[in-house]
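**Student:** Sending over a structure as structure tokens; questions will come in a sec.
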DNA sequence: GACCGCCTCCCCCGTGCGGGGGAGGCCGGT
DNA sequence: ACCGGCCTCCCCCGCACGGGGGAGGCGGTC
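Here you go:
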């Protein structure tokens, strides 16, 4: 019997692309589509797909929350393949930590996309970007989410630091961040320094650039 | 006879999506695909499509250069529809100035995509994002590239200022920009101040954020 | 209990940054 | 010949920023 797939992405064009690529395979069947995370749970209950290919960044309910919800509420949950635009997408790592089984770059070639779906359907975890695979190899770790977690360790920002970076990336000054977080400016300066050090950035501008380039914050 | 379309995008997934959406129409036919701008000219010569739907951001030869090349070298060039991810993409306006006939957001609904292809095929120019249409309305301008040019006027950065902004967005300090451009740091400060004023930014970080959010610089 | 990571706040200090001016040279349009 | 826009460079000045330290409280783990 074929592998059944549910597509979840807010952009119809991406859904159409995935459908076209996957339907071309005789052993893969796209059984449904959803435009946001909120619609996923009932659909999964009804359609019982083998694999859910889901965007991380979506309105209403994002891929991370949807992943958590799926694993929490559905008995025998489907395999979850997280779809993303960027390598080193902080959201993706969060999704993997939330229990997703693998991820997929939108710019991947059709053959890779098909391969990814087949792999997770067979119960293999997979981490697509070369950077992560390299890490997995370095750690003599035959796949699984450990590698992804390791990537997070790299620039292991604490929760507070990540919060500060997000505010930096919205253009706030140290004083404004301090007001927002209801702490002293000296505290903010400490966090900012930590962020700069961990990201290897010389100043806040470079840190914000890194935030954008890595997908830590979404443009547009 | 059907409208013939050539798809040009470096991501196979996007091509597959566009193909799926367009092929669903009886009066539209996708006659070919290309992965970058360099391959476009020979393909257009051979296939003579009515419309070329082309990404702006591509390796080797981007959509702007490809547009110029097409209009320069091909007699009776096809209509050119520029495909983009962001509204307010500086590249898109450049493409339109280079002679493209309209543009298309990737996150548009299938019906809008189909509509856009039909429109340009009929010889209409179209500027999809609401912001640009609003501008066109304000100026009592029934479409055409004037509206897009007007958007550029808004934050009318001089060439030098745009150059400085691009370097700012790469994390360079004033001194580094000065060295790169072989001018004094005082000069750079002047340009930076002008950029901040024109963008309504308080500091360089906010300017860089604006650059990313507007698509003036590409993430990733 | 000892240890560690995180968050919080404090000091000093240098400097890059940005505001507000002004000014000269060059070029293109009228 | 004149004006306007652009690029270039200059002055003064205040301050936010970031580096380098340190330190206390708090919650976990061993």
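Protein chains in written order, with my numbering: chain G, 1 to 220; chain L, 221 to 440. Every residue, glycine too, gets a C-beta built ideally from N, C-alpha and C. Bear in mind that the values here come from a model prediction, so they are computed numbers and not experimental data.
(1) Quick one: what's got a C-beta closer than 7 Å to residue 191 of chain G's C-beta in the same chain, skipping five residues either side?
(2) Could you tell me if residue 246 of chain L is buried or exposed, where buried requires 16 or more neighbouring beta carbons within 10 angstroms of its beta carbon?
(3) Would the beta-carbon of residue 8 of chain G fall within 7 Å of that of residue 54 of chain G?
(4) Going by beta carbon distance, what residues of the same chain come within less than 6 Å of residue 106 of chain G, once the five residues before and after it are set aside?
(5) Residue 298 of chain L and residue 241 of chain L - do their beta-carbons sit closer together than 7 Å?
(6) Would you please verify whether the beta carbon of residue 177 of chain G is less than 7 Å from any beta carbon of chain L?
(7) Do residue 202 of chain G and residue 168 of chain G have their C-beta atoms closer together than 7 Å?
(8) For residue 45 of chain G, is the classification buried or exposed, using 16 other Cβ atoms within 10 angstroms of its Cβ as the cut-off for buried?
(9) What residues from the region 4-16 of chain G come within 7 Å of chain L, judged by C-beta to C-beta, listed N to C?
(10) If distances are taken between C-alpha atoms only, which option among G/12, G/73 and G/114 comes closest to residue 81 of chain G?
(11) Could you run through the region 248-262 of chain L and flag, in chain order, every residue whose CB is less than 8 Å away from some CB of chain G?
(12) Considering only DSSP beta bridges, list what residue 299 of chain L is partnered with.
(13) Look up residue 176 of chain G in the DSSP assignment and say whether it is helix, strand or coil.
(14) Locate the beta strand (DSSP E) running through residue 383 of chain L, then write down its first and last residues.
(15) Cβ closer than 8 Å: which chain G residues qualify as neighbours of residue 389 of chain L?
(16) On the DSSP bridge assignment, give the partners of residue 29 of chain G in chain order.
(17) Taking its Cβ as the centre, do 16 or more other Cβ atoms sit within 10 Å of residue 15 of chain G, making it buried, or is it exposed?
(18) Is it the case that the Cβ atoms of residue 31 of chain G and residue 18 of chain G are separated by a distance below 7 Å?
(19) With DSSP run on the structure shown, which of helix, strand or coil describes residue 254 of chain L?
(20) Measuring alpha carbon to alpha carbon, tell me which of L/392, L/261 and L/293 ends up nearest residue 427 of chain L.
(21) Just the Cα atoms here: how many angstroms apart are residue 166 of chain G and residue 193 of chain G?
(22) Any Cβ of chain G within less than 7 Å of the Cβ of residue 268 of chain L?
(23) Would you report the Cα separation of residue 336 of chain L and residue 328 of chain L, rounded to the nearest angstrom?
(24) With a threshold of 16 other CB atoms inside 10 Å of the CB of residue 269 of chain L, please say whether the residue is buried or exposed.
(25) Taking residue 286 of chain L as the reference, give the member of L/340, L/261, L/405 and L/254 with the closest Cα.
(26) By DSSP's criteria, residue 325 of chain L is part of a beta bridge. Which residues make up the other side?
(27) On a CA-only basis, which of L/420, L/319 and L/409 is nearest residue 272 of chain L? Give me that one, please.
(28) I'd like to know whether the C-beta atoms of residue 188 of chain G and residue 197 of chain G end up nearer to each other than 7 Å.
(29) Mapping the DSSP letters down to three states, classify residue 231 of chain L as helix, strand or coil.
(30) Can you have a look at residue 2 of chain G and say buried or exposed, based on whether 16 or more other CB atoms are within 10 angstroms of its CB?
(31) So, residue 419 of chain L versus residue 430 of chain L, is the Cβ gap smaller than 7 Å?
(32) Is residue 365 of chain L close to chain G? Criterion is C-beta to C-beta, closer than 7 Å.
(33) What does the alpha-carbon distance come out to for the pair residue 294 of chain L and residue 324 of chain L?
(34) When you compare only the Cα positions, how much space is there between residue 183 of chain G and residue 64 of chain G?
(35) Cβ closer than 9 Å: which chain L residues qualify as neighbours of residue 110 of chain G?
**Tutor:** Straight from the coordinates:
(1) Your numbering for residue 191 of chain G matches position 191 in the first chain. These residues qualify, in order along the chain: 160, 161 and 164.
(2) Position 26 of the second chain, counting from 1, holds the residue named residue 246 of chain L. The residue in question, residue 246 of chain L, is exposed, as its Cβ has fewer than 16 Cβ neighbours within 10 Å.
(3) The sequence position of residue 8 of chain G within the first chain is 8, counting from 1. The sequence position of residue 54 of chain G within the first chain is 54, counting from 1. Yes; because the gap between Cβ atoms is below 7 Å, this pair is in contact.
(4) The residue you call residue 106 of chain G lines up with position 106 of the first chain. So the qualifying residues of the chain are 85.
(5) On the second chain, position 21 is the one that residue 241 of chain L refers to. On the second chain, position 78 is the one that residue 298 of chain L refers to. Their beta carbons are not under 7 Å apart, which means residue 241 of chain L does not touch residue 298 of chain L by this criterion.
(6) Numbered from its first residue, the first chain carries residue 177 of chain G at position 177. Not closer than 7 Å to any Cβ of chain L, the Cβ of residue 177 of chain G fails to qualify, so no.
(7) Position 202 of the first chain, counted from the first residue, corresponds to residue 202 of chain G. Position 168 of the first chain, counted from the first residue, corresponds to residue 168 of chain G. In this structure, residue 168 of chain G does not lie closer than 7 Å to residue 202 of chain G by Cβ.
(8) Reading the first chain from its first residue, position 45 is the one you call residue 45 of chain G. When all chains shown are included, residue 45 of chain G counts as exposed.
(9) 11, 12, 13, 14 and 16
(10) As a position in the first chain, residue 81 of chain G is number 81, starting the count at 1. Looking at the Cα atoms, G/114 is the closest of the given residues.
(11) none
(12) Position 79 of the second chain, counting from 1, holds the residue named residue 299 of chain L. Answer is L/271.
(13) What you label residue 176 of chain G is simply residue 176 of the first chain in a count that begins at 1. Looking at residue 176 of chain G - three-state DSSP - the assignment turns out to be helix.
(14) Residue 383 of chain L sits at position 163 when you count from the first residue of the second chain. Note, residue 383 of chain L: premise wrong, no beta strand (DSSP E); alpha helix (DSSP H) at 379-388.
(15) If you number the second chain from 1, residue 389 of chain L lands on position 169. Correct list: 209.
(16) If you number the first chain from 1, residue 29 of chain G lands on position 29. According to DSSP, which records beta bridges pairwise, residue 29 of chain G is partnered with G/4.
(17) As a working mapping, residue 15 of chain G is identified with position 15 in the first chain. Looking at its Cβ environment, which holds 16 or more other Cβ atoms inside 10 Å, residue 15 of chain G is buried.
(18) Reading the first chain from its first residue, position 31 is the one you call residue 31 of chain G. Reading the first chain from its first residue, position 18 is the one you call residue 18 of chain G. In this structure, residue 18 of chain G does not lie closer than 7 Å to residue 31 of chain G by Cβ.
(19) For the purposes of this step, residue 254 of chain L is identified with residue 34 of the second chain, where counting begins at 1. Correct three-state label for residue 254 of chain L: strand.
(20) Counting from one through the second chain, the residue named residue 427 of chain L turns up at place 207. Per the Cα distances, L/392.
(21) Working through the first chain from its first residue, we reach residue 166 of chain G at position 166. Working through the first chain from its first residue, we reach residue 193 of chain G at position 193. Cα to Cα, the separation comes out at about 14 Å.
(22) Here residue 268 of chain L refers to the residue found at position 48 of the second chain. No, its Cβ sits nowhere closer than 7 Å to a Cβ of chain G.
(23) Walking along the second chain from the start, residue 336 of chain L turns up at place 116. Walking along the second chain from the start, residue 328 of chain L turns up at place 108. Approximately 10 Å, taken between the alpha carbons.
(24) For the purposes of this step, residue 269 of chain L is identified with residue 49 of the second chain, where counting begins at 1. By the neighbour-count rule (16 or more Cβ atoms within 10 Å), residue 269 of chain L is buried.
(25) Walking along the second chain from the start, residue 286 of chain L turns up at place 66. The candidate whose alpha carbon is nearest that of residue 286 of chain L is L/261.
(26) In the second chain, the residue the question calls residue 325 of chain L occupies position 105. DSSP output for residue 325 of chain L lists L/304 as bridge partner(s).
(27) Mapped onto the second chain, residue 272 of chain L falls at position 52. Of L/420, L/319 and L/409, the residue nearest in Cα terms is L/319.
(28) Along the first chain, one-based indexing puts residue 188 of chain G at 188. Along the first chain, one-based indexing puts residue 197 of chain G at 197. Contact flag unset, no.
(29) Translated into positions along the second chain, residue 231 of chain L becomes position 11. Of the three classes helix, strand and coil, the one that applies to residue 231 of chain L here is coil, per DSSP.
(30) The residue you call residue 2 of chain G lines up with position 2 of the first chain. Exposed.
(31) The residue you call residue 419 of chain L lines up with position 199 of the second chain. The residue you call residue 430 of chain L lines up with position 210 of the second chain. Cβ distance < 7 Å, so residue 419 of chain L and residue 430 of chain L count as in contact.
(32) Counting from 1 along the second chain, the entry for residue 365 of chain L is found at position 145. Unreliable positioning characterises residue 365 of chain L in this predicted model, as indicated by a pLDDT of 30, which lies under 50. The coordinate reading is nonetheless provided below. No, because no Cβ of chain G sits closer than 7 Å to the Cβ of residue 365 of chain L.
(33) Position 74 of the second chain holds residue 294 of chain L. Position 104 of the second chain holds residue 324 of chain L. Between residue 294 of chain L and residue 324 of chain L, the C-alpha separation is close to 23 Å.
(34) By one-based count along the first chain, residue 183 of chain G stands at place 183. By one-based count along the first chain, residue 64 of chain G stands at place 64. The straight-line gap from Cα to Cα measures roughly 29 Å.
(35) What you label residue 110 of chain G is simply residue 110 of the first chain in a count that begins at 1. In chain order: 232, 233 and 236.
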